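J.:
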Amino acid sequence: MASTSYETRGATALIRLDYPPVNGLGAALRQGLLQALDRALADAAVKAVVVTGSERAFSGGADVKEFGTPNSLREPRLPALISAFENSPKPVIAAISGVCMGGGLELALGAHYRVAKADAQIALPEVKLGLLPGAGGTQRLPRAIGLEAALNMIVSGATVPAAKLKGTALFDDVVDGDPVPAALALADKVVADKLPLKRVRDLKVTDPQAEAFLQFARNTVAATSKNFQAPLKCVEAVAMSLNKPIDEALRIERETFLSLMNTPESRALRHIFAAERAASKIADVPETTPLRPIRKVGIIGAGTMGGGIAMSFANAGIAVVLLETKQEALDKGLATIRRNYDNTAKRGRITEAQVGERLALIQPTLGYDALKDVDLAIEAVFEDIGVKQQVFQALDEVCKPGAILASNTSALNLNTIAGFTRRPQDVIGLHFFSPANVMRLMEIVRGDKTAPDVLATCMAMAKTIKKIGVVSGVCDGFIGNRMLARYGAAANGLLMQGALPQQVDKALEKFGFAMGPFRVGDLAGLDIGWAGRKRRAAENPAAYQRVVADAICEQGRFGQKTGSGWYRYEAGAREPIPDPVVTGIIEAFRSERGIQPRKIGDDEVVERCVYALVNEGARILQEKIAARASDIDVVYLNGYGFPQHRGGPMLYADIVGLPNVARTLRRFAAEPGAEAWWQPAPLLQQLADDGKTFN
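Read in order, the letters of the sequence shown are residues 4 to 698 in this note's numbering.
1) Assign residue 350 to one of three DSSP states: helix, strand, or coil.
2) Please determine, among 503, 35, 610, 396, the residue with the shortest C-alpha to C-alpha distance to residue 584.
3) Would residue 429 pass as a contact of residue 406 if the rule is Cβ separation under 8 Å?
4) Select from 339, 20, 169 the residue whose C-alpha is nearest the C-alpha of residue 122.
5) Is residue 427 helix, strand or coil when you go by DSSP?
6) Is it a yes or a no for the segment 144-154 touching the segment 204-212, going by three-plus beta-carbon pairs under 8 Å?
7) Helix, strand or coil for residue 554? Go by DSSP, reduced to three states.
8) Are the segment 666-677 and the segment 278-291 in contact at 8 Å, needing three or more beta carbon pairs?
9) Out of 159, 118, 484, which has the shortest C-alpha to C-alpha gap to residue 173?
10) With a 10 Å radius around its C-beta and 16 neighbouring C-beta atoms as the bar for buried, classify residue 652 as buried or exposed.
11) My output table needs one value for residue 168: the three-state DSSP class, helix, strand or coil.
12) Going by C-alpha distance, which of 396, 648, 97, 499 is nearest residue 594?
13) What are the start and end residues of the alpha helix (DSSP H) that includes residue 7?
14) Quick check on residue 32: does DSSP put it in helix, strand or coil?
15) Please report the distance separating the alpha-carbon of residue 386 from that of residue 691.
16) So residue 368 and residue 324 are supposed to be a Cβ contact under 8 Å. How far apart are they, rounded?
17) Let me make sure I understand the geometry here. Which of 160, 110, 687 has the alpha-carbon closest to that of residue 138?
18) Residue 763: which of 329, 103, 437 sits nearest, CA to CA?
19) In whole angstroms, what separates the C-alpha of residue 315 from that of residue 334?
20) Which value, in whole angstroms, describes the spacing of the CA atoms of residue 163 and residue 680?
21) Could you please give me the residues that DSSP links to residue 103 through a beta bridge?
22) Under 8 Å between the Cβ atoms of residue 447 and residue 474?
23) Residues in the same chain with beta-carbon distance under 6 Å from residue 634, minus the five sequence neighbours each way, listed in chain order, please.
24) With DSSP collapsed to three states, give me the class of residue 259.
25) Pull up the CB-CB distance for residue 509 and residue 519, whole angstroms please, since I reckon it's below 8 Å.
26) What whole-angstrom Cβ distance do residue 470 and residue 378 have, given they're in contact under 8 Å?
27) Using a Cβ cut-off of 8 Å (strictly closer), state whether residue 181 contacts chain C.
28) Could you tell me if residue 55 is buried or exposed, where buried requires 16 or more neighbouring beta carbons within 10 angstroms of its beta carbon?
29) So what does DSSP say about residue 564, is it helix, strand or coil?
30) Among the candidates 553, 437, 408, 16, whose CA atom is the shortest distance from the CA of residue 1?
31) Return the CA-CA distance between residue 241 and residue 154, expressed in angstroms with no decimal places.
32) Per DSSP, what kind of secondary structure is residue 410 in: helix, strand or coil?
33) Based on Cα-Cα distance, which residue from 392, 626, 427, 433 lies nearest to residue 410?
34) In this structure, does DSSP put residue 548 in helix, strand or coil?
35) Can you tell me whether residue 643 is helix, strand or coil according to DSSP?
36) Quick one, which of 58, 304, 71 has its alpha-carbon nearest residue 23's?
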C-alpha cells in the first residue's frame with residue numbers, strides 16, 4: 004500500500020500523507036514522504052510544495068509499534084526527513100487538519116509556512132510515554148510560540164486547538180474549513196511575490212523572565228513527577244532554546260530522547276499506551292460486529308455506585324432512568340448527584356448550564372415500568388445473590404426484547420445471574436469502580452451465553468462514556484478482585500509473620516502505590532471485604548481460615564466511616580494513626596497460632612504482595628479469564644492504583660525476570676505452613692523455564 008499520494012495543482016505539488024488511521028510516521032511513510040519531496044524538487048515545473056494529511060489526521064506522530072525495532076533506525080529517520088523539508092529550495096507549506104501531534108507537529112515545524120484548520124489538535128505528547136520530543140520539538144516550538152507556552156505544552160503533553168495558537172509564528176493562517184485550498188493559495192502567493200523561505204529554526208527565543216520562569220518550572224516539575232525522568236528532562240531541553248546553538252541543542256535533544264527510550268519508566272508508559280488499545284480487541288468478536296443502539300439507560304439503585312454510573316451516562320449525553328424502591332433513598336441519591344455536579348461547576352470544570360442539562364437527563368422513578376423502553380439496564384444493588392435474583396427477574400419481565408441486562412457485581416457468578424432470566428444471551432457484567440463517575444476502568448464480564456453483539460456494544464459504550472473496558476471471564480472476583488484477594492492474603496500473612504499495618508503500607512507506598520492495602524481497606528470500608536469472606540465461608544466452611552481482619556471487624560472497626568479500622572482517625576480527619584489496639588489484636592492472633600514474629604524488610608513486603616498479584620494473574624491467564632497479560636495490567640493500573648511507572652504487575656514481573664519471580668515464589672511456598680497458592684502458577688513457571696515473558 005502506498006504511504007503517500009502525489010499530484011500537481013498548477014505549479015504546486017500536493018503531497019498527501021496516506022497511512023491510516025493517523026498517518027503514523029513509520030519507516031514506510033517517512034520513505035514515501037522523502038521520495039515525494041525529491042520528485043517535486045526534481046520537477047522544474049513545480050515551484051512550491053504543499054504537504055497535508057487526512058481530515059482526521061495530519062499525523063499522529065511516530066509509529067510507537069516501531070520503537071525498539073530495526074524500522075525505527077531505517078533512514079530517513081525523522082530528524083533527517085524534517086531537515087530535508089526545512090532545507091528545501093522550494094517553499095513548503097503544511098496544511099493541517101485533525102490531529103497534529105508529536106513527530107507530526109515536528110514535521111510541520113520543518114515546513115516554511117503552516118496553515119491549520121481552527122479545530123486541529125496540536126500537541127507534543129511524548130512526555131506521556133516517558134520521552135521528550137526527539138526531532139526538534141523542544142527547540143522549534145519555543146521559537147514558534149514562546150518559551151512559557153511551549154514549555155507548558157511539552158511538559159504536560161496537553162492538546163491545544165490550533166485556534167488558540169493563532170497569531171503566533173506557528174501558523175501563517177488558521178481557517179474554519181479545509182486548509183488545503185488556503186495552503187495552495189498561500190503557495191501561489193509565496194511564489195508570485197518571491198517571499199522568503201521562513202525557517203522556524205532561525206527565529207530567536209526571547210523572554211525577559213526566562214530564568215525565573217525556568218527555575219519555577221524546575222521546582223514544580225521536580226515535586227510533581229518524582230517517579231519519572233522525562234518531565235524534568237523536557238524543562239532542561241526547552242531551556243537550551245534560549246542560548247545554545249540550535250544544532251548543538253538538537254543533538255543533545257536527540258541523545259536525551261534515546262537515553263529516555265531505554266528507561267524502565269518509558270518502557271512502562273509505552274506498554275500502557277499499547278495495552279489500553281489492545282484491550283478493545285476481542286479475538287472472536289470482529290470489529291464489524293453490528294452494535295445495538297444505546298440511547299437510554301436504566302439504573303437500578305441510587306446509592307454511591309448507582310449515582311456515579313448515572314452521572315457517567317449523563318455526562319455523555321445519554322438519557323438515564325434511575326430506579327429506587329423507596330422515595331427517601333431516591334431523594335438521597337439525587338441530592339448526592341446534584342452536589343457532585345455543583346462541586347464540579349464550582350471548580351470550573353463544567354458550567355451551570357451543563358449542570359442543568361445533565362440533571363435533566365436523569366429521570367427518577369420508583370417503579371420498574373419506567374424501564375420498559377431502555378436499551379441497557381444496569382443493576383447496582385447490594386452484593387447479595389438473592390437481591391440480584393429479584394432485580395433480574397423483574398428486568399426480564401419489563402425490559403423490551405433486545406435490551407441488554409447488566410450486573411455491576413464485583414464478584415458474584417454472572418452465569419448464575421443470567422440464569423435468573425429467559426434471555427441469558429442479553430446478560431453481561433459491567434463492573435464499574437467507585438466513584439463510578441471518576442474511575443476509568445470497567446471490567447466487562449462475558450458470561451457463557453453472552454451474545455457477541457452484546458459484548459461488542461458494551462465495549463463501544465465504554466468508550467462513549469470515557470471508560471477503559473477490559474473483558475473478563477466468569478470467576479469469583481473476575482480479574483481485579485480475584486487478584487486483590489491474594490494481595491490482601493499476602494499482606495495479612497506479613498502481619499502474622501512480624502510486620503504491622505503501617506510498615507506494610509509504607510513499603511508499598513514507597514514502591515509507588517498511592518495507598519497501602521490497610522489504608523485502602525479503611526477508606527473503602529472493612530465491612531465490604533468481611534461480607535465477602537463470610538459469603539465464601541458459608542459456601543465452603545471447611546476451606547475457610549479466619550484472618551485478623553475478621554477480628555478487627557468483629558469489634559465494629561470498619562475504617563474511616565466508624566473512626567477506626569486498621570488505624571484510628573480523629574473526628575473530621577482522614578490521617579491514619581497507628582493504634583495500639585490493632586497491634587494487640589495482631590499479637591494475640593500470632594500467639595494463638597504459636598507464631599514467633601520476626602523482622603521483615605521492606606523489600607520482602609513488596610515481593611510478597613506484588614508477586615502474589617503476579618502469580619494469580621498468571622493463573623487468570625492460564626484459565627483464559629483474561630485474554631492477554633496486558634489486560635491485567637490495564638485493570639491494575641486503572642482500578643487498583645498500581646504505580647504507572649512500573650507498568651502493571653505483569654510487566655513488572657517481566658522486567659524483574661520471570662525466573663527470579665518463580666524462584667522467590669518457590670521459596671515462599673516452601674516455608675512451614677505456607678498456603679498452596681504460593682506455588683508458582685504453571686504458566687509462570689513454564690514461561691520462566693522457556694526464557695519468555697508475559698508481554
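Backbone N, C-alpha and C fix where the C-beta goes; we use that ideal spot for every residue, glycine too.
All values derive from a computational prediction rather than experimental measurement.
T.: A quick look at the data gives this:
1) As a first step, residue 350 is located in the sequence shown; it is residue number 347 there, counting from the start. Note: residue 350 maps to coil in three-state DSSP.
2) The residue you call residue 584 lines up with position 581 of the sequence shown. The shortest C-alpha separation from residue 584 is found at 503.
3) Position 426 of the sequence shown holds residue 429. Position 403 of the sequence shown holds residue 406. For the 8 Å CB-CB criterion, residue 429 and residue 406 form a contact.
4) For the purposes of this step, residue 122 is identified with residue 119 of the sequence shown, where counting begins at 1. If we check each option's Cα against that of residue 122, 169 comes out closest.
5) Counted from its first residue, the sequence shown places residue 427 at position 424. Judged by DSSP in its simplified three-state form, residue 427 adopts helix.
6) With a cut-off of 8 Å, the segment 204-212 and the segment 144-154 count as touching, because enough Cβ pairs lie within range.
7) Within the sequence shown, numbered from 1, the residue matching residue 554 stands at position 551. For residue 554, the three-state secondary structure derived from DSSP is helix.
8) Fewer than three Cβ pairs drawn from the segment 666-677 and the segment 278-291 lie within less than 8 Å of each other, which leaves the two stretches out of contact.
9) The count along the sequence shown starts at 1 and reaches residue 173 at position 170. Comparing Cα positions, the closest option is 118.
10) Here residue 652 refers to the residue found at position 649 of the sequence shown. It is buried - the Cβ of residue 652 has at least 16 other Cβ atoms within 10 Å.
11) For the purposes of this step, residue 168 is identified with residue 165 of the sequence shown, where counting begins at 1. Looking at residue 168 - three-state DSSP - the assignment turns out to be helix.
12) To locate residue 594, count along the sequence shown from 1; it is residue 591. Scanning 396, 648, 97, 499 for the CA closest to the CA of residue 594 turns up 499.
13) Stepping through the sequence shown from its first residue, residue 7 is reached at position 4. It is not in any alpha helix (DSSP H) - residue 7 instead sits in the beta strand (DSSP E) that spans 7-12.
14) Within the sequence shown, the letter at position 29 stands for residue 32. Assignment of residue 32 by DSSP, reduced to helix, strand and coil, places it in the helix class.
15) In the sequence shown, residue 386 corresponds to position 383, counting from 1. In the sequence shown, residue 691 corresponds to position 688, counting from 1. Those two C-alpha atoms are separated by around 38 Å.
16) Within the sequence shown, residue 368 is the residue found at index 365, counting from 1. Within the sequence shown, residue 324 is the residue found at index 321, counting from 1. Confirmed, about 6 Å.
17) Residue mapping note: residue 138 aligns to position 135 of the sequence shown, counting from 1. Considering only 160, 110, 687, the residue with the shortest C-alpha distance to residue 138 is 110.
18) Within the shown structure, residues of the chain are numbered from 4 to 698, placing residue 763 beyond reach of any answer.
19) Start at 1 with the first residue of the sequence shown, and residue 315 comes out as number 312. Start at 1 with the first residue of the sequence shown, and residue 334 comes out as number 331. Just so you know, the alpha carbons of residue 315 and residue 334 end up roughly 19 Å apart.
20) Residue numbering aside, residue 163 sits at position 160 when the sequence shown is read from its first letter. Residue numbering aside, residue 680 sits at position 677 when the sequence shown is read from its first letter. Distance between residue 163 and residue 680, taken at the CA atoms: about 50 Å.
21) Locating residue 103 in the sequence shown gives position 100, counting from the first residue. According to DSSP, residue 103 bridges with 62, 125.
22) As a first step, residue 447 is located in the sequence shown; it is residue number 444 there, counting from the start. As a first step, residue 474 is located in the sequence shown; it is residue number 471 there, counting from the start. A contact, by the Cβ cut-off of 8 Å.
23) Taking the first residue of the sequence shown as position 1, residue 634 is located at position 631. Excluding positions up to five away in sequence, the list reads 282, 473.
24) Here the question's residue 259 lines up with position 256 in the sequence shown. In this structure, residue 259 counts as helix in the three-state DSSP scheme.
25) The sequence position of residue 509 within the sequence shown is 506, counting from 1. The sequence position of residue 519 within the sequence shown is 516, counting from 1. The pair is a contact, with the Cβ atoms about 7 Å apart (cut-off 8 Å).
26) Start at 1 with the first residue of the sequence shown, and residue 470 comes out as number 467. Start at 1 with the first residue of the sequence shown, and residue 378 comes out as number 375. Contact between residue 470 and residue 378 fails: their C-beta atoms lie close to 17 Å from each other, not under 8 Å.
27) Structure shown: chain C not included; a single protein chain is present.
28) Taking the first residue of the sequence shown as 1, we reach residue 55 at position 52. Buried.
29) Start at 1 with the first residue of the sequence shown, and residue 564 comes out as number 561. Reduced to three states, the DSSP call for residue 564 is helix.
30) Residue coverage of the chain in this structure runs from 4 to 698, which leaves residue 1 outside it and unanswerable.
31) To locate residue 241, count along the sequence shown from 1; it is residue 238. To locate residue 154, count along the sequence shown from 1; it is residue 151. When rounded, the distance between both Cα atoms is 6 Å.
32) For the purposes of this step, residue 410 is taken as residue 407 along the sequence shown, with counting starting at 1. Three-state DSSP puts residue 410 in a strand.
33) As a first step, residue 410 must be located in the sequence shown, where it is residue number 407. Nearest to residue 410 by alpha-carbon distance, out of 392, 626, 427, 433, is 433.
34) In the sequence shown, residue 548 corresponds to position 545, counting from 1. Here residue 548 carries a coil assignment [DSSP, helix/strand/coil].
35) The sequence position of residue 643 within the sequence shown is 640, counting from 1. Reduced to three states, the DSSP call for residue 643 is coil.
36) Working through the sequence shown from its first residue, we reach residue 23 at position 20. Out of 58, 304, 71, 58 has the C-alpha closest to the C-alpha of residue 23.
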